[in-house]
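In what follows, a structure is listed as structure tokens, so that the remarks can point back to it.
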Amino acid sequence: MAHRTRPTVGDMTSFTAPGLSIESATTVSTTLQERLSALNDLHLTLKHIHWNVVGANFIGVHEMIDPQVELVRGYADTLAERIATLGSAPRGTAKAIEDDRSWSDYSLGRDSVAAHLGALDLVYDGFVSSHRDAIAKIGELDPITEDILIGQTAELEKFQWFVRAHLESNSGRLPTSGESSEAGAAEAARNGG
Ligand SMILES: [Fe+2]
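When we follow the UniProt record's numbering, the leftmost residue of the sequence shown carries the number 1, and every step to the right adds one.
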């Protein structure tokens, strides 16, 4: 059987959204594909935390995460359909996540509320920063896609506030401040900073 080459966002149709060049649409879709894989990775990570968090305040965090899973799944759908609208082929497979991501798999297993929220704060630091980078990159080319990403980022930042509100000290300090790894952030959160 002949090998099939995997589809890429380079598989453009001969048309795109009105007023947008094929070249611009390809650049936007390439950026969106990376963010699509990031969103798919994020909702899987959130479910992993939902299943593995233990200890005091379990139920509050377990139940806090599911609406965010649904929101993030919806955002992935929005970006995938935007890629298709622009004339490219969105890739939504596990292999696509693996190919597109420049970050490591979430590293915690069964662990406490504090540890998971500390690590999740770091996950959102990276995710939100990258969504902001994508906004800066494609804003000049396609304000419609920019608007989609801006709306998503606002809600994701709000959820990170929920996470941080569990970690914050009375003096307004985050124990995860300055940590650059999930393990480090988890340990700092366990110890309260
Ligand atoms: Fe569940």
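No residue lacks a Cβ here, since even glycine has one placed at the ideal position from N, Cα and C.
Using a C-beta cut-off of 8 Å, the segment 173-192 makes contact with the segment 101-108, since at least three inter-stretch Cβ pairs fall below that distance. Its Cα nearest to that of T27, the residue A134 stands out among E168, A134, S171 and E81.
Of all C-beta pairs linking the segment 97-104 to the segment 28-48, three or more are shorter than 8 Å, placing the two stretches in contact. Residue environment for E182: buried (at least 16 other C-beta atoms within 10 angstroms of its C-beta).
A Cβ-Cβ distance of about 14 Å is found for the pair T145 and R132, leaving them out of contact under the 8 Å criterion. The Cβ atoms of Y124 and L86 lie no closer than 8 Å to each other. For P67, the number of other beta carbons within 10 angstroms of its own is below 16, and it is reported as exposed. In this structure R173 is not in contact with A114, their Cβ atoms being roughly 15 Å apart against a cut-off of 8 Å. The closest CA to that of Y75, considering only Q160, L42 and A165, is found on L42. In the displayed model, S112 falls within a strand according to three-state DSSP. Within the chosen limit of 7 Å, ligand 1 does not reach the beta carbon of H43 with any heavy atom.
Rounded to whole angstroms, the separation of the alpha carbons of S180 and L32 is 25 Å. The Cβ atoms of I22 and T16 sit closer than 8 Å to each other. Inclusion of D142 and A89 in the CB contact set at 8 Å is not warranted, their separation being larger than that value. Beta bridge pairing from DSSP links V53 with D111. In this structure, D66 has its CB closer than 7 Å to one or more heavy atoms of ligand 1. DSSP assignment within the UniProt region "Disordered" (172-193) yields the following whole alpha helix (DSSP H) runs of 4 residues or more, N-terminal first: 182-190. Relative to E140, the option among S14, T13 and S24 whose CA is nearest is S24. Look at E155 here: in three-state DSSP terms it is helix.
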